[in-house]
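Q: Counting from 1, position 120 in the sequence shown corresponds to residue 114 in the numbering used here; the numbering is continuous, with no gaps.
The C-beta atom is built at its ideal place from N, Cα and C for all residues, glycine as well.
First the structure, which I've put down as structure tokens, then a few questions once you've had a look.
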Amino acid sequence: MLQPGDLIELWAVDARLGGEGGTAFLAHLGEDPAQKVVVKLLSPREGRVDLMRDRLLRDARSLLNLEHPGLPRILSLRLTGQLPHAVMEHIPGEPLSNRVPGLPLNSETAVAFVRELCKPIQALHSAGLRHRDIKPANILLRPGQGPALVDLGLPAAIAPPRRSSWPYVPPEWLSDRQPSDSSLWDMYSLGVVLYELLRGKLVYAGHNVETREEMLALKKAYGPLDPGREVPVDLRRVVRRLTHPDPANESAAWRSSSPASTPWTLSAPSPRCLWTATRPSPATTPSPQS
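If you want it as structure tokens, here you go:
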């Protein structure tokens, strides 16, 4: 396990990012402590790095060509040696996890924030990439700027999700028979983040979940997440549809939407239309947290 001061090639480790078990490290150039980067270790699910080299290079090339102020740039890629890794730009900011749990956001603020968060997600998806670990710890708040999305993983190098990520992982990806298409993953995660912003608390707070099977059962028991009656009807519908546990259900169709055409941008030119809408909500069974 890497510790502060350990070297990854030329880079000296300062701290692990994303909590215990994370594969990203804040580091600096050995002779220049002011030159900060993030070093992301690559651990292909399928095994040896050499078997995945072509795909890793293709994914890295897509990231190298991707420029967005809300996404870190990839600076270099090393596929040989004991610690294959990518060196990425360090974006300073405060993790959203410092604010959630906390006071719930009003609908206007939550929708405006998530619409800004959709911009870097859309940039990734337009390049044929997925993040697959969108959660408050990987969303940075930056004064005077839109949120940044960090801890990007090259798709070929993403290990099974860590326990801290399970609440944001679609149920179908927690089962043993995982689908081959991960295009719905990020939109599900976005729906969970929106729910937590509106509720001001973590979605499964108070549940002691030890295994993926337990988390899968919990998600099925909760069903589509409902932020509560104090939230406008249309916005409740958005959250429920994005977080529906069955991707084959018609209500989950929005999970396949492009972030650029999310339900709130399709249905309204501005967030305000969402909380002034008066359409009645279809009858639903409240989630256990309501």
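State yes or no: is the beta carbon of Leu57 nearer than 7 Å to at least one beta carbon in chain C?
A: Protein chain content of the structure displayed is limited to a single chain, and chain C is not contained in it.
Q: Hey, Pro89 and Ala21 are a contact pair by Cβ (cut 8 Å); roughly how many whole angstroms apart?
A: The Cβ separation is near 18 Å, so there is no contact.
Q: Helix, strand or coil: which one does DSSP assign to Val233?
A: helix
Q: Report the residue ranges of all alpha helix (DSSP H) runs contained in full by the region 101 to 133; include only those spanning at least 4 residues, in chain order.
A: 101 to 120
Q: Distance check for Val186 and Leu192, CA to CA, integer angstroms please.
A: For Leu192 and Val186, the distance between alpha carbons rounds to 10 Å.
Q: How many Å lie between Tyr198 and Glu25 at the Cα?
A: 44 Å
Q: If you reduce the DSSP assignment to three classes, tell me which class Leu70 lands in.
A: According to the sequence as given, residue 70 is Ser; it is not Leu. Ser70 falls in the strand class under three-state DSSP.
Q: With which residues is His79 paired in a DSSP beta bridge?
A: Leu35, Arg72
Q: Measuring CB to CB, does Pro66 end up less than 7 Å from Glu83?
A: yes
Q: Look at the alpha carbon of Leu57 and the alpha carbon of Ser101, and state the distance between them as a whole number of angstroms.
A: 33 Å
Q: Classify Glu40 as buried or exposed, calling it buried when 16 or more other Cβ atoms lie within 10 Å of its own Cβ.
A: Summary for Glu40: the model assigns pLDDT 45, below 50, so the residue's position carries little reliability, and this model does not support an answer.
Q: Excluding the five sequence neighbours on either side, which residues of its own chain have a C-beta within less than 6 Å of the C-beta of Gly96, listed in chain order?
A: Gly194
Q: Look up Leu97 in the DSSP assignment and say whether it is helix, strand or coil.
A: coil
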